[in-house]
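Under this note's numbering, the first residue of the sequence shown is numbered 16, with each subsequent residue one higher.
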Amino acid sequence: MPNTTEPGLLHLLYLYFIPYWLFRDVSQGDHMLREQNYRFNRQQRKYLPGYLIKWAILCALLLASHHMAKGLAEVVPDWYEVFRAWALFSGISFSVGFALMANIVVLWGYLTFMH
16 MPNTTEPGLL HLLYLYFIPY WLFRDVSQGD HMLREQNYRF NRQQRKYLPG
66 YLIKWAILCA LLLASHHMAK GLAEVVPDWY EVFRAWALFS GISFSVGFAL
116 MANIVVLWGY LTFMH
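Next up, the structure:
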């Protein structure tokens with residue numbers, strides 16, 4: 016088996032959907048390093064709307080999936096438990112995605128309007 020340094024699929028999905036790897040910690044170091052990291056984070060805020068759009072699309076799909084699974088659970092009674100589990104999973108995933116969207120909006124607003 017060849018030794019590869021390419022990132023795996025889960026790592027690539029993390030980089031594609033989670034924006035926090037773009038930012039530096041401003042709570043560590045001396046005053047000059049914290050100020051430098053804050054300026055760096057303000058420059059990186061331009062990527063946040065793209066992540067917000069990705070999550071908005073994903074949340075819309077999850078919400079549609081939730082409603083579809085709820086409807087199918089009523090129509091196909093033999094598979095009621097499967098469709099209810101599907102609805103539960105997509106509903107919880109939507110809630111987590113919506114919370115992440117709110118966090119991205121707050122982060123963007125803080126880095127844009129707070130000086």
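All C-beta atoms, glycine included, are put in the ideal place defined by N, C-alpha and C.
Return helix, strand or coil for P22, following the three-state DSSP convention.
Note: P22 maps to coil in three-state DSSP.
With 8 Å as the threshold, decide whether the Cβ of P64 is near any Cβ in chain D.
Reference to chain D is not applicable here, since this structure consists of a single protein chain.
Hey, would you say A100 sits closer than 8 Å to K85, going by beta carbons?
Going by C-beta atoms, A100 is not nearer than 8 Å to K85.
Helix or strand or just coil, what does DSSP make of M129?
M129 falls in the coil class under three-state DSSP.
Just to confirm my understanding: we take W123, look at its own chain, exclude 5 residues before and 5 after, and list those with CB closer than 6 Å. What are they?
The answer, listed in chain order, is R60 and L63.
Is the number of C-beta pairs between the segment 65–74 and the segment 113–122 that are closer than 8 Å three or more?
Counting Cβ pairs under 8 Å, three or more are found: they touch.
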